[in-house]
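Quick note: the sequence shown uses our numbering, first residue 1, plus one each step. Where a beta carbon is used, it is the ideal one built from N, C-alpha and C, also for glycine. All values reported here derive from a predicted model rather than from experimental measurement. In what follows, a single structure is set out as structure tokens and then discussed.
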Amino acid sequence: MSAPAISLPGCVPTACQQAVPIVAHDQLAKGTFRLRLACPEIARQAIPGQFFMIREPNRIDPLLGRPFALYDTYLDAQGQPAGIEVVYLVVGKMTSLMSTWRVGELAEIWGPLGNGFPLPPAGRLLLVAGGIGQTPFLAIAREALGGRQYGQPLRQPAGQPQQVTLCYGVRSQEYLAGLEDFSSVGLDVQIATDNGTRGHHGYVTDLLRAQLDTIVPDTTVYCCGPEPMMHAVAKLCAEREVTCYLSLETPMACGFGACFSCVTKVRQPDETWDYRRVCVEGPIFKATDLYLG
Ligand SMILES: Cc1cc2nc3c(=O)[nH]c(=O)nc-3n(C[C@H](O)[C@H](O)[C@H](O)COP(=O)(O)OP(=O)(O)OC[C@H]3O[C@@H](n4cnc5c(N)ncnc54)[C@H](O)[C@@H]3O)c2cc1C
Ligand code: FES
1 MSAPAISLPG
11 CVPTACQQAV
21 PIVAHDQLAK
31 GTFRLRLACP
41 EIARQAIPGQ
51 FFMIREPNRI
61 DPLLGRPFAL
71 YDTYLDAQGQ
81 PAGIEVVYLV
91 VGKMTSLMST
101 WRVGELAEIW
111 GPLGNGFPLP
121 PAGRLLLVAG
131 GIGQTPFLAI
141 AREALGGRQY
151 GQPLRQPAGQ
161 PQQVTLCYGV
171 RSQEYLAGLE
181 DFSSVGLDVQ
191 IATDNGTRGH
201 HGYVTDLLRA
211 QLDTIVPDTT
221 VYCCGPEPMM
231 HAVAKLCAER
241 EVTCYLSLET
251 PMACGFGACF
261 SCVTKVRQPD
271 ETWDYRRVCV
281 EGPIFKATDL
291 YLG
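Encoded structure:
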């Protein structure tokens, strides 16, 4: 049974902190796992692009939770949100620990946190993912293609994009995670691998460049991945005056605005620069508002 919801302080009045049961845990690709947590209250509120802080209850090492994007919600037999899924790549202490978690055990989750993606625009939506950066795109693709509504109250997309494409780049094909999930929502998936083992032999930015060279009015790009790749995507979009949003994966300590460990430099309306907390004002920012070095 899950612990009662606790409101987090201050800036995230809708977020909950709960110890919730793990109901599924599957390996999707090399070092990559999908974790399903039963948490209806959190699932009802979550929108694509938001994230959760996750940790093991009653454990002091590692003490702090780690941020993971909403991969998707899952529904109960009545079609109501029953919980959330995250997909994670094992890179260090917490993700190694998570990979040992078993179905039936409890995980501690705080969320949903952050701003989430803007509603899917009409026109063409290009989702650009590098490495484990594909995780925020299943839910936004499902929403964009009319497959599910998210949030409380439910978000109402103004219109459906005519085309939604995922350009997904990884080092090597064994890291491709969730391809069946992405195809099942009706998404056009284009793959690039650095070593040519699947799809285009080269960078995901090559796929994006080819897409952008086909001029479609009202194109919007949502991007998530390693920083150098996001910088390259932002540059390609700026050169073509295409609106681009980046989902930042800045390391975080608290996740709810208290510690200022996650700040990023953001352009103000008067063209000066200031710092913003990625966990509260982000993780999604318009690329042209960010200082990209
Ligand atoms: C908003 C947001 C959403 C995220 N969503 C996902 C997701 O859906 N799936 C997923 O696998 N990961 C996601 N991440 C990244 C994830 O939080 C880190 O991989 C995780 O914190 C690593 O924890 P660890 O204890 O295993 O690694 P640690 O032991 O803390 O670190 C291991 C190594 O990785 C480096 N590192 C840790 N975090 C990051 C980071 N964010 N960026 C670059 N290097 C880092 C450390 O410097 C260290 O070298 C997200 C991050 C953010 C901010
Ligand atoms: S992680 Fe603490 S303020 Fe953002």
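In the three-state reduction of the DSSP assignment, Met53 falls in the strand class. The three-state reading of DSSP puts Ala253 in coil, since its state is none of H, G, I, E or B.
For ligand 1, the residues with a Cβ under 5 Å from any of its heavy atoms are, in chain order, Phe51, Arg66, Pro67, Phe68, Ala69, Tyr88, Leu89, Val91, Gly92, Lys93, Met94, Thr95, Ile132, Thr135, Glu249, Pro251, Pro283. A distance filter of 7 Å between CB atoms and the heavy atoms of ligand 2 selects the following residues in sequence order: Met252, Ala253, Cys254, Gly255, Phe256, Gly257, Ala258, Cys259, Phe260, Ser261, Cys262, Arg277, Val278, Cys279, Val280.
Here the segment 27-46 lies against the segment 89-104, with 3 or more beta-carbon pairs under 8 Å apart.
Gln190 sits away from Gln173, with the two beta carbons spaced by 9 Å or more. Counting other Cβ atoms within 10 Å of its Cβ, Trp110 reaches 16 or more and is therefore classed as buried. Of the residues Gly131, Glu180, Val170, Phe260, the one whose Cα lies closest to the Cα of Thr197 is Val170.
In summary, Ala141 is buried, with 16 or more beta-carbon neighbours lying within 10 Å of its beta-carbon over all protein chains present.
Ser247 sits buried, since 16 or more C-beta atoms from the chains shown fall within 10 Å of its C-beta. Listed in chain order, the non-local C-beta contacts of Gly104 below 8 Å within the same chain comprise Pro21, Ile22, local neighbours out to five positions each way being set aside.
The Cβ atoms of Pro228 and Gly114 do not sit closer than 9 Å to each other. Relative to the Cα of Glu271, the nearest Cα in the group Glu180, Asp289, Gln80 belongs to Asp289. Taking the CA atoms as reference points, Gly65 sits about 29 Å from Leu166. Note that the segment 237-256 touches the segment 214-228; at least 3 beta-carbon pairs, one per stretch, sit closer than 8 Å. Annotation: the continuous beta strand (DSSP E) that includes Leu37 extends over 32-38.
Phe182 carries a helical assignment under DSSP once its states are collapsed to helix, strand and coil. Membership of Ala144 in the alpha helix (DSSP H) is indicated by the continuous run 137-144.
Val90 is positioned such that its CB atom lies no closer than 9 Å to that of Leu28. The DSSP assignment places complete beta strand (DSSP E) segments of no fewer than 3 residues inside the segment 171-235 at 188-193, 219-224, in order along the chain. When DSSP assignments are scanned along the segment 64-131, the uninterrupted stretches of alpha helix (DSSP H) that are 4 or more residues long and fall wholly within it turn out to be 93-98.
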